[in-house]
Amino acid sequence: MLPATLLRVSTQYRRYYATQIELTEDLLRALALALPGRFEDADLCSQSILSVLNLVSLFNTHLLARRRGRLVKEQGEVGKDPFSFNDHIRRFYYRRPWPRLAAASLSIVSYTEVVFELFWRRRHDKAQSNWRWIAIIETIKACLRFFLFYNSQRSTVLHPAHLVRNIAPDSLDLNTTDKLELGMIDPRTGTPSSADPDLLDEKIRPVAPRSGWAHAAEILWIIRPVIYALLVLQRVQQSQMDSDEEDEKAEEDAWKPWLVSLGIDLMARVARYMQPMSPLEKEESRRRDFLLLYYFFRGPIYTRFTKNILDTFCDTFEHRPIVSIVAAALNDYRVFWEQSYFYTAGS
């Protein structure tokens with residue numbers, strides 16, 4: 005009796021839990037988005053909530069994917085996800101334990117790196133220590149991406165590296181399309197996603213291995229953040245040696261890391277188009293093209309150009325109706341890309 009009772013209680017709990025997933029996540033995400041600028045350390049509090057929410061969302065998506073798998077078996081259907089992005093993730097990342105672990109680790113690092121950087125900067129006020137930490141994190145992410153790249157027959161590494169939620173949690177309807185979690189925008193980071201809801205499996209041809217210039221393009225794109233972090237770290241160390249004191253903002257005036265990073269990104273962009281791409285790879289390429297806009301929010305281009313434009317805009321429209329809401333939001337969120345590298349890293 006006891007095992008049967010526990011099984012019934014567990015089943016009821018999971019069914020009730022599934023119906024509350026989206027409501028809970030939306031409420032927490034709205035709370036986190038409303039916090040910046042409200043009190044001291046509100047940015048850290050907001051990112052902490054988002055990081056916890058991101059990890060819980062990963063677990064929820066895993067739970068829903070398992071329930072979907074059981075429903076597929078019960079209905080006697082072929083266990084192939086009609087959504088091409090999820091099918092790609094299952095085929096290349098989830099069939100073996102080590103690629104699955106690497107994909108999960110990459111997702112966890114990507115969704116928690118901002119809050120860890122904010123914590124680290126509050127405990128260590130030296131730029132050299134901060135950028136050494138950033139270089140380590142970027143190296144870890146690059147190693148994980150290389151592992152996924154070469155264990156997926158050299159297919160383009162997609163973002164995110166985990167399954168996306170393409171079923172309604174309250175009904176687990178396999179044919180639901182209006183509940184797609186990551187349709188073009190990743191709600192956990194606000195950056196574009198490769199998960200296009202229009203890319204169904206029957207429309208997609210197999211992903212071809214990257215070769216030649218396209219292979220080199222993927223390597224360049226993976227190592228680009230590491231090179232940028234190391235160049236900034238070198239700049240900070242050189243500044244410390246020249247002035248006998250560490251300049252915490254030395255990286256803001258360093259054109260070399262910014263230009264080298266942009267050059268690598270542009271070379272990778274040109275090279276990856278030298279081989280035909282599948283629709284999934286085209287979506288990932290568009291996502292990476294969008295990330296080029298982040299160059300306006302870091303390095304010397306931000307301190308000498310973008311920041312002045314934002315200052316002028318916010319000062320001009322601070323007391324104007326309606327537009328003042330946008331100006332206030334910009335002022336509240338500027339602390340993130342001004343104090344956190346990962347917020348606009350595009351990596």
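The sequence shown runs 5 to 351 under this note's numbering. Virtual Cβ for every residue (Gly too), placed ideally from N, Cα, C. These figures come from a predicted structure and were not determined experimentally.
Got a sec? Which residues, its chain only, sit under 6 Å from I223 by beta carbon, not counting five neighbours each side?
Here residue 223 refers to the residue found at position 219 of the sequence shown. Cβ within range, chain order: n/a, list empty.
Quick one, which of L334, T160 and H66 has its alpha-carbon nearest P280's?
Position 276 of the sequence shown, counted from the start, is the residue given in the question as residue 280. Ranking the options by Cα distance to P280, first place goes to T160.
Which residue from S351, V56, S88 and H92 puts its Cα closest to that of Y232? The count along the sequence shown starts at 1 and reaches residue 232 at position 228. Out of S351, V56, S88 and H92, S351 has the C-alpha closest to the C-alpha of Y232.
> Taking buried to mean at least 16 other C-beta atoms within 10 Å of its own C-beta, is Q51 buried or exposed?
Replying inline: Taking the sequence shown and counting its residues from 1, one reaches residue 51 at position 47. Counting the other Cβ atoms within 10 Å of the Cβ of Q51 gives 16 or more, which makes it buried.
I need the straight-line Cα distance from A69 to L27, nearest angstrom please. As a first step, residue 69 is located in the sequence shown; it is residue number 65 there, counting from the start. As a first step, residue 27 is located in the sequence shown; it is residue number 23 there, counting from the start. Roughly 18 Å separates the two Cα atoms.
So is R149 buried or exposed if we call it buried at 16+ other beta carbons inside 10 Å? For the purposes of this step, residue 149 is identified with residue 145 of the sequence shown, where counting begins at 1. Buried is the call here.
* Span of the alpha helix (DSSP H) around L263 -> Sequence index remark: in the sequence shown, residue 263 carries index 259 (1-based). If you look at L263, you'll find it in the alpha helix (DSSP H) that goes W259 to R276.
- Mind the definition here: the stretch 265–272 touches the stretch 328–339 only if three or more C-beta pairs lie below 8 Å; say whether that holds. Put simply, the stretch 265–272 does not touch the stretch 328–339. Fewer than three CB pairs are less than 8 Å apart.
* Asked: Just checking, does the stretch 282–298 make contact with the stretch 308–326 on the three C-beta pairs under 8 Å criterion?
  -> Contact between the stretch 282–298 and the stretch 308–326 is absent, because fewer than three Cβ pairs lie under 8 Å.
- Item | Nonlocal neighbours in the same chain, by C-beta distance under 6 Å from N335, ignoring five residues either side | In the sequence shown, counting from the first residue as 1, residue 335 sits at position 331. Result list for N335: C318, in chain order.
Check your understanding: Buried or exposed: where does L122 fall if 16 or more other Cβ atoms within 10 Å of its Cβ makes it buried?
Key -> Looking up residue 122 in the sequence shown gives position 118. Result: buried.
Nearest-angstrom Cα distance between H128 and N134? Translated into positions along the sequence shown, residue 128 becomes position 124. Translated into positions along the sequence shown, residue 134 becomes position 130. Between H128 and N134, the alpha-carbon positions lie close to 7 Å from each other.
* Asked: Are the beta-carbon atoms of R360 and Y345 separated by less than 9 Å?
  -> There is simply no residue 360 to check, as the chain begins at 5 and stops at 351 in what is shown.
Taking the C-alpha atoms as reference points, what is the distance between S282 and W137? Reading the sequence shown from its first residue, position 278 is the one you call residue 282. Reading the sequence shown from its first residue, position 133 is the one you call residue 137. If you draw a straight line from the Cα of S282 to the Cα of W137, it comes to about 36 Å.
* To do: Give every residue of the same chain whose Cβ lies closer than 6 Å to the Cβ of V119, excluding the five residues on either side of it in the sequence, and list them in chain order.
  => The sequence position of residue 119 within the sequence shown is 115, counting from 1. Excluding the 5 residues flanking it on each side, V119 has same chain C-beta neighbours closer than 6 Å at Q51, S52 and S55, in chain order.
Between the C-alpha atoms of Q3 and P103, what's the straight-line distance to the nearest angstrom? Residue numbering for the chain in the displayed model covers 5 to 351; residue 3 lies beyond these limits and cannot be assessed.
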